[in-house]
Structure formats: structure tokens, C-alpha cells
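J.: Residue numbers (our numbering): 287 to 515.
1. Taking the beta carbon of residue 318 as the centre, do at least 16 other beta carbons fall within 10 Å, making it buried, or is it exposed?
2. For the beta strand (DSSP E) that contains residue 350, what are its first and last residues?
3. Does the Cβ of residue 416 have 16 or more other Cβ atoms within 10 Å, making it buried, or fewer, making it exposed?
4. Please say whether residue 404 and residue 485 have beta carbons closer to each other than 8 Å?
5. Quick one: any contact between the segment 383-400 and the segment 422-440, if contact means 3 or more CB pairs under 8 Å?
6. Cβ of residue 397 within 8 Å of Cβ of residue 350?
7. Using the beta-carbon count (16 or more within 10 Å), is residue 336 buried or exposed?
8. For the putative contact between residue 347 and residue 483, defined by C-beta atoms under 8 Å, what is the C-beta separation to the nearest angstrom?
9. Taking the beta carbon of residue 426 as the centre, do at least 16 other beta carbons fall within 10 Å, making it buried, or is it exposed?
10. Who are the Cβ neighbours of residue 515 in its own chain at under 7 Å, not counting the five residues just before and after it?
11. Tell me the DSSP secondary structure of residue 495 in three-state form.
12. In terms of residue numbering, what span does the beta strand (DSSP E) encompassing residue 460 cover?
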């Protein structure tokens, strides 16, 4: 990590970029229609999040009933609040608009298993590479449509379009770091995971918005089953 980060170029993600270029050329030859579709999805948002989860093909949480069913079936899992073990913490304001909907904050404090496993992996690596003692802070996770509508009234950054938070695959990390080393480690991991096609991310004024691919399910046995989740 230290050697690659000091190069100051795309060396850390070069291998994955080459593979992506090969895939583009393959689609150009074999499936140009698919390539055009992917191009449109890439242009729909500031990141490639809709490539990972196209709006017409992705299950969303329309209301509290959808959320409650997902919690009951374990399609959503709670975020552990143990910063010294997992190296991320839950912001106390997460889900703060829930009472205005007559609901509990905990309903809006969860992620799909793939997203939670990747968050655990990301936070662990940032700690190992950056050496910080302060955890990353997760400020937002799953929402439903009514919560998203309320948020738009409070936050100009909240989209009025398709929000990946309503899928359970997205989370936000506060842009406040203990040190430059922690910030660089976080940036390194964002670039690495994006190059591998495991996430899409965008920098917002107060947070880094991360959307997780279903391909991250390979992390579930290592980070969730090992803790009995």
C-alpha cells in the first residue's frame, strides 16, 4: 500500500483497468447493444452505481412494509456498533427522520449482507493501512421512498431520482478523518474496490457515497458468517 500510494498515479488499479478495457473490446465485437446500454447507465449518475444496480432490474424498498419484510427475512442486517472491533461507527443521527414517519430509527440502520460485508472489509483495510485509532463513521444506510422524500426537504444533496439507498446496497461515510494517512488509505481502498467492480462511489460535500455490487457476496462468509450473522 505505501509503495503504490507514493507513486501518485494509476499504478494501484492498472491491472483492473486493463481487464476492464479488454471487456469493453469484447463487448464491442460481440455485443455492441450491451455496450451501448452500459454507456447509458454510466452516464445516468455521477458514479457507476446504476451499472451495478439498474433501476428497472433492482428491488427497492417502497415503504415500511417492504423494509419490515426485508428485516424479517434477513435480506437486511443491522450494523454492528462496535468501533474497536470493526473500525467503523454508526452516526447517532442515522435514521433521525424516522419518528416523523411514526417509525423507529433502527428500521433505517441496516444494509444488505453484501454491502455490510464490504463495509467491514473496507473499514478493516483502512485501519490496517492508515494506522488510525479513530473509526470511520457511517452516516446513512437503507431508506424507503417516504424517508427519501422527507430527506429531500432537509438536504439538497438528496436525490429526487432513483436513490440507491432505497435498495439497501448503499452507505455514506463521513468525510472527516483522524489523519492524512487514514484519508489516503480510504482513498486507496475506494479506488481499488471501484477498479475491481465491487463498488461505485461519489464524493459529496459531507460524505463519501458508496454503492456495493452483488459481486461482494464473496465477502459474506468471511465477515458475516464468522461473527454468527
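Every residue, glycine too, gets a C-beta built ideally from N, C-alpha and C.
Here the structure is a predicted model, which is why all the values come from computation and not from measurement.
T.: In short, the structure shows the following:
1. exposed
2. Here residue 350 belongs to no beta strand (DSSP E); instead the alpha helix (DSSP H) covers 350-358.
3. buried
4. yes
5. yes
6. At least 8 Å separates the beta-carbon of residue 397 from that of residue 350.
7. buried
8. Wrong, their Cβ atoms sit about 24 Å apart, outside the cutoff.
9. Looking at its Cβ environment, which holds 16 or more other Cβ atoms inside 10 Å, residue 426 is buried.
10. Note that residue 515 scores a pLDDT of 45, beneath 50, so its modelled location is shaky and nothing firm can be said.
11. strand
12. 456-460
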